[in-house]
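According to the working numbering, the residues represented by the sequence shown are 5 to 896, in order.
A quick write-up on the structure given underneath.
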Amino acid sequence: SVLLPPRLIGRDSELAALHQGWQAGQVLALIGEAGLGKTRLLQAFVEPQAGVVRAAGRPGDAGVPFATLARLLRAVMARRAVSGELEAQLPASTRTEIARVLPEFETPATRHSGEGQRLVMQRAVRSLLATQTELTGLVVDDLHFADEASLEMLRSLIDQDSDDDSDPAHAAARPLRWVLAYRPAETGSAVQALHDALVEQARLAPIALAPLDLAALAALVDSLALPGVDGKVLAPGLLRRTGGNPLFVLETLKQAWVEHTLDRLADAAQLPRPVSVGRLIERRIAQLSPAALALARVASIAGADFSIGMAEHVLQASAMQFADGLNELEAAQVMRGNAFAHDLVYDAVRASVPATIAAHTHAKVGDWLEQRQGEPARIAEHWIAAGQGVRALPWLQRAADAARHALRAREYIAFLERKSGIEEAAGQTEAAFASLMLAAEEFVNVDLDAATALAHCDRLERLASTPSQRLEAQLQRAHMHQQRGEHHLSLPIEQAALRDAVRLGDERLLAECHQSLGVACAMTNQAAQALQHLQACTPWITANGSDEQRSELHGNIAVLHDNLGRLDDALPHHELAFDLSHRSGKLSNASVACSNLACNRIDAGDLQAAERSLLQGQQIITMYDGFGAHMGLLHVMRALSLCHLGRYGDALAQAEQAVQSMRQYQPGHVDHALLRLAACWWHLGQWSRVTQLLAGVTLDATTSVSVRVQHARLSDEVTRAGAAGTAGAARQALRNELAAIGTVDRPDLRLPLQILVTDDDEPESALRQLDALRAEAEGIGHLGAALAVRIRAAGVAAGMDPRRARREALAALALAEERQTTALLPAELWLNCSRALAAAGDAAHAAEVLARGHDWLQTIATEQVPEPFRDSFLHRNPVNRELLALASRRAP
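Now the structure itself:
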């Protein structure tokens, strides 16, 4: 207690702000540089509060997923004996998820199948906190030390409290109050991300700690009751020396106390004059006894794992021999219990350990933790710091497994990369290859940074020492290109790999080659070849493959069936792909399965089901720690479905995010994203934006058929609107793409074009063609295209066959109650059907349909179209403009 102020000095306003924000239910943040007194202020705030639990981040937490969160949860549970209670209160599934954070929750019956998701884990932690009925708030100090997983979980828990607070159904749950404390964070750090997210939600009440002023410094000095020292006299000098930092002030005074110069402190000129507080602390540490200093140095090496038992092991002495040393450390305010008094002391002690001694001590600490099955990541760090990397290998693998178990892809990859580097340095090239392969496979599932992905491939090829490994390295490079949408680069690699696999006669590698080629052929519009390759690999994967491999197989088969127009045949494969991806724990594959299923539902005309699947896919991909390799595909598909559901503001946001995501992760799909954004602008009548985006699309031999078709269709719409170009040339380009598609390969691309080009034919011919297209679309389940045919047929028949027009209009309106089409603009339904009913003499029904269309346009323009684009949406979109004009003419 020497030289510790008996009460909080100079923080009355901050303490009042804490109490005020606490009562208001705000998330409070104490933010300040080291030494300004965050921890002391929190102690003063928490002491009188009932039901508040405080925990803190510690040095070493950053490398261990959920280390800080685990400390917080243990502090919560330590408030009362809960082990037996939790056994009864929490279901087994919840305990399983909690075991990802707190291993002591694991039971013999616990099965970790990899199906756990971050949202499930969040709910489990929430359930654990709910068992603490007297818990009112959580205070987390030193968040700048916390690991990313804990920070993300804290954010989710705070978000859930926000949701509960606004939901009357959860009013009885009494949302927890939160106080967070941390140093100003660097841009891009996890702490800064948490801070920015809470600020964006307008939930954070930041309380910035400033240095003490003269009056507060004087009061601080006087509170210490130092003999012969006058605070008012000393304060100006202290302010100049320390900048008003309370910790620096206390360290300065402590140094004078240690040096027995308190009687000279009345003269400010006699204050210790170190160049920095760090040097001041170093001087104080140097005056410790050898036994106390040795104990402190062991603690600095051990970090969060330090204990007296460990000190006994490292120093080869009994605990009783440490009593005087520990008392001395506490008296000198170097340590408090097993932890350092503050970070600057820790840094100074750690820096005082010679490198050779530090390495030896790391080995001793690593040995101690090994015997007690400590935290794998920290054990590995100790062995690496000891210069014994090989001893770290099994612990790095355990750390990687733990990170994957906790759904932390970033840490999983980093641990495996580090393990591979050590194995290579030790001459264990086969093991280095295997470790790096695991890291590379996970990386392309969750991130597609070109430099990193290519570096993985190059290093795999360098490490490969057998024909099988060289072939696996080839396939990984091909897979990387596939994931990036660069199928023209992956295809020749896969073809060469298949030839090598045939020579090797390895059935596993043969199956992998066929599956990879099946994907490449499907994506390059070679359906027949794709089917052959997928059929070739199905028997082996079905009999011997992992859940992950079978998930990918069924997903690829589903996409191929969809491309061939076999929507019903594809559905069970979509479902299997999703289920197996969850069973394998590959959530990135699950997100892709959601996107693929949405494509199926869009073709079927069920945009609501597609939207649900896409939302689920986005929720899954956000479970990853900052990665989102497949997010662009989900954004693209949501932009499509939202446009045709009339949610234009949301559609624009999704399309813009798609372009950004594709440029970062999947450059091979950037053109697809640009065209989806252009389609949004088409709906909104922003023709100059459409034209500009079309000009940025690459059209060459490597361009996919879907990109060419979308480009031709939008170019045709631009010319038909009179915005740019020559109508004849654009329509001919559209017909050229239609001819290139063929008659059976891609009905999802072909049918919409065939519907559009019937405009060029005489009415009778057009109706015959539309009849044939409707029959085909209905036969293969493409009800979105079938609806578009009905709408167009109603418009064509209105000028020549009123009875047929009425029949088509009624059929279109009935089908539109259940299905939607992406082949036409939404307003064309009401425009064509009202004209058809009017031509048939059903004026009342025609007026009703027209009124519905008019109301839809006005409502959508007001509620779903961003204000700058409302006028163009209503008056520069040709279909919308015509519908409004017709409604105006028929208005009573």
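Yeah, the Cβ is synthetic: ideal placement off N, Cα and C, and Gly gets one too.
Taking one beta carbon from each stretch, the region 645–654 and the region 663–676 have fewer than 3 pairs nearer than 8 angstroms; the two do not touch.
In this structure, I759 and R807 do not form a Cβ contact; the two beta carbons are roughly 22 angstroms apart against a cut-off of 8 angstroms. With the rule of 3 Cβ pairs closer than 8 angstroms, the region 383–393 counts as touching the region 353–366. Annotation: L158 to L133 spans about 12 angstroms, alpha carbon to alpha carbon. The Cβ atoms of Q661 and H676 lie no closer than 8 angstroms to each other. Setting aside the 5 residues that flank it on each side, V183 is surrounded in the same chain by L32 and V143, each with a C-beta closer than 6 angstroms to its C-beta; the list follows chain order. CA-CA distance, H460 to A418, rounds to 12 angstroms.
Look at P179 here: in three-state DSSP terms it is coil, with no helix or strand label. Between E138 and G29, the gap from beta carbon to beta carbon reaches 8 angstroms or more. For D875, the enclosing alpha helix (DSSP H) starts and ends at R874 to H879.
According to the DSSP assignment, A594 belongs to the alpha helix (DSSP H) that extends over L591 to D607. Annotated as proximal: C598 and L618, with beta-carbon spacing under 8 angstroms. Annotated three-state conformation of L184 is strand, per DSSP. The beta-bridge partner set that DSSP reports for F326 is empty. From the listed residues R507, A454 and V701, the smallest Cα separation to Q487 is found for A454. Spanning the alpha carbons of A345 and V338 requires a straight line of approximately 5 angstroms. Burial check for V506: the Cβ neighbour count within 10 Å stays below 16, so the residue is exposed. Counting along the chain, the unbroken beta strand (DSSP E) around I211 starts and ends at L208 to A212. When rounded, the separation of the alpha-carbon atoms in Q714 and S131 is 48 angstroms. Contact between C837 and L817 holds: their C-beta atoms lie close to 6 angstroms from each other, under 8 angstroms. Under the rule that a run must span 4 or more residues, the alpha helix (DSSP H) segments found entirely inside the region 779–811 read 787–801.
DSSP places A220 within a helical segment (H, G or I) once states are collapsed to three. Judged by DSSP secondary structure, V105 falls outside any beta strand (DSSP E); it is assigned neither H nor E. The count of Cβ pairs closer than 8 angstroms, one atom from the region 40–48 and one from the region 377–388, stays below three, leaving the stretches out of contact. Bounds of the alpha helix (DSSP H) holding A662 are Y652 to Y669. Considering only L890, L787, R880 and V869, the residue with the shortest C-alpha distance to W834 is L890. Residue pairing for L32: DSSP places it in a beta bridge opposite V183 and A209. One Cα belongs to A655, the other to R680, and the distance between them is close to 9 angstroms. According to DSSP, residue pairing for F344 in a beta bridge involves M339.
In the three-state reduction of the DSSP assignment, R839 falls in the helix class. Proximity of the region 465–474 to the region 684–691 falls short of the contact definition, fewer than three beta-carbon pairs being nearer than 8 angstroms.
P380 sits close to A403, with the two beta carbons spaced by under 8 angstroms. By DSSP's assignment, A413 forms no beta bridge with any residue. Using a C-beta cut-off of 8 angstroms, the region 714–725 makes contact with the region 733–746, since at least three inter-stretch Cβ pairs fall below that distance. In this structure the region 299–318 touches the region 366–379; the number of beta carbon pairs closer than 8 angstroms is three or more.
The continuous beta strand (DSSP E) containing V56 extends over residues V56 to A60.
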